[in-house]
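Encoded as structure tokens, the structure appears first; notes follow it.
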Amino acid sequence: MLNKKLYRYFSQTETPFYYYDMELFNESLTKLKQAAERYHYSIHYAIKANANDRILETVKKYGFGADCVSGNEVKKAIEIGIEPEKIVFAGVGKSDAEITYAIGQNIFSFNCESMEEIEVINEWGEKMQKVVSVSLRLNPDIDAVTHKYLTTGLPENKFGIPLLLLDKVIQRVNSLPNIKLIGLHFHIGSQIRELAPYIELCQKVNSIQDIIFDKHGIELEHINLGGGLGINYENPDDELIPDYAGFFETIHKHLKLRKKQTVHFELGRSVVGQSGSLISRVLYIKKGLKKEFMILDAGMTDLIRPALYGAQHKIQNISRPEAQIKNYKYDVVGPVCESSDSFDDNVMLPMTKRGDLVAIRSTGAYGEIMVSQYTLRDKPKAIYSDELKNEKGEPLLVKKTTLQKDII
Ligand SMILES: *Cc1c(COP(=O)(O)O)cnc(C)c1O
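Letter by letter, the sequence shown follows residues 0 to 407 of numbering that gives the first Met the number 0.
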């Protein structure tokens with residue numbers, strides 16, 4: 000049974016809202032920290048996955064750094080108190096304002112995606128009288144075997160510097176007085192569920208390092224392998240915390256490091272994805288000619304992943320946990336005036352009625368952060384499991400299993 004206290008709380012709360020299981024989130028961070036420490040790997044949490052203050056403050060408590068892809072993300076990381084020497088900044092189109100801001104903050108590394116960008120950073124470094132630390136984001140030509148909008152390491156993607164240009168780029172970078180080349184950066188995609196693309200990445204990095212050493216006689220201090228580790232969207236309860244230990248073990252086995260090299264990762268989805276659920280109310284069960292539509296009060300403005308990538312999330316009717324039999328088929332849709340405003344088709348669920356509560360699972364990453372106000376819809380609120388109070392203002396001590404295992 001779903002925890003009664005939690006269910007009562009949900010029933011009395013305006014929907015839709017994001018519910019964050021902070022116990023699970025902390026457990027995920029603990030496991031990540033333990034696994035990374037084993038090999039002295041540095042972790043930079045990818046802020047774009049979820050930039051809520053509570054989430055970032057928790058990440059900071061564990062001592063992780065930040066991976067940023069906009070100037071405002073750099074600003075946010077600094078406001079939260081993440082040390083600039085743990086902040087990396089990627090992106091193919093950094094504006095002059097973003098560049099000068101980040102130079103001024105002395106961040107750890109600009110992860111640069113083109114020679115054109117490095118020239119601009121060098122000019123600003125000269126004007127600001129700073130030597131700027133730069134890593135080269137290389138496009139390693141690896142198929143991450145994920146959704147086509149989630150690959151970033153193929154020649155047809157806009158990201159990174161092509162390997163064929165690497166020689167020229169290194170030569171040029173070495174001649175720039177206000178640039179210090181400190182490392183190599185890679186990020187091959189997102190929601191990668193196999194380890195094979197990472198093994199291929201390690202092998203590429205090994206040979207790139209050999210080439211750089213042979214041709215230029217240099218060994219760079221930092222190797223950043225980016226993020227991308229996937230999560231189980233189909234059956235979240237089978238894998239609430241990703242196998243960080245296995246992931247790092249594979250990297251450790253295949254990556255050949257030079258002396259004194261530090262390895263960095265930028266994980267986003269895998270860290271926070273399973274800790275969030277979007278809770279919504281059923282507005283109508285609409286009988287169509289061929290289908291039954293379950294119309295929710297949450298839509299693509301609250302969670303755009305299904306409309307944007309055809310992503311599938313587990314959908315659960317949490318008002319009917321007693322119903323073991325899921326023998327009704329619904330197209331679960333939102334209220335927005337777009338045909339793409341649909342969460343999933345032909346979902347098997349127990350018989351559902353107006354007013355039932357539905358949980359859309361695994362929405363901690365790339366959920367709330369992508370909320371839009373299209374059609375002037377309200378933004379969903381965020382509710383954290385460790386902040387819940389009952390009517391008398393006493394804390395509701397909700398355990399993680401109450402949302403995960405007990406919802407049928
Ligand atoms: C989005 C992004 C990440 C994080 O990816 P996840 O799949 O969420 O782990 C890491 N690095 C860069 C450069 C990114 O753009």
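Each residue gets a CB set at the ideal place from its N, CA and C atoms; glycine is no exception. Keep in mind it's a predicted model, so treat the numbers as computed, not measured.
Neighbourhood of Met-412 by C-beta, 6 Å cutoff - its chain only, sequence neighbours within 5 removed: Lying before the first or after the last residue shown, residue 412 is absent from the chain, which here runs from 0 to 407.
Rounded separation between Arg-319 and Phe-247 - CA only: Between the alpha carbons of Arg-319 and Phe-247 lies a distance of about 40 Å.
Given a threshold of 16 other Cβ atoms within 10 Å of its Cβ, counted over all protein chains shown, does Glu-155 qualify as buried or as exposed? exposed
The beta strand (DSSP E) with Met-347 in it runs from where to where? 341 to 348
Quick check: the Cα distance between Glu-115 and Leu-183, rounded to an integer number of angstroms? As the crow flies, the alpha-carbon of Glu-115 is around 17 Å from that of Leu-183.
Buried or exposed for Tyr-243, going by 16 or more other Cβ atoms inside 10 Å? Buried, since its Cβ has 16 or more Cβ neighbours within 10 Å.
Report all residues from its chain with a CB closer than 7 Å to the CB of Glu-220; omit the five preceding and five following residues, and keep chain order. Ile-181, Gly-182, Lys-259, Gln-260 and Thr-261
If you measure from the CB of Glu-265, is any heavy atom of ligand 1 nearer than 6 Å? yes
Separation of Phe-9 from Pro-15, as counted between CA atoms: 10 Å
Enclosing beta strand (DSSP E) for Cys-111 [first to last residue]: 108 to 111
Contact defined as beta carbons within less than 8 Å: I believe Leu-288 pairs with Val-357. What is the distance between those atoms, to the nearest angstrom? Actually they are not in contact, since the Cβ atoms of Leu-288 and Val-357 sit about 24 Å apart, beyond 8 Å.
Counting C-beta neighbours from all protein chains within 10 Å, is the total for Asp-344 16 or more, i.e. buried, or is it exposed? exposed
Option in Ser-94, Cys-67, Ser-174 and Leu-228 with minimal Cα separation from Tyr-197: Taking each of Ser-94, Cys-67, Ser-174 and Leu-228 in turn and checking the Cα distance to Tyr-197, the smallest one comes out for Leu-228.
Near Cys-201, what residues of its chain come up, given a Cβ to Cβ distance below 7 Å and the 5 sequence neighbours on each side ignored? Ile-250, His-253 and Leu-254
Same chain, Cβ closer than 6 Å to Ile-407, five either side skipped, listed in chain order: Low local confidence applies: a pLDDT of 38 at Ile-407 is under 50, so the model's placement there is unreliable, with the coordinate-based value given in what follows. The residues are Pro-320.
Quick check: the stretch 35 to 53 against the stretch 360 to 372, are there 3 or more CB pairs under 8 Å? yes
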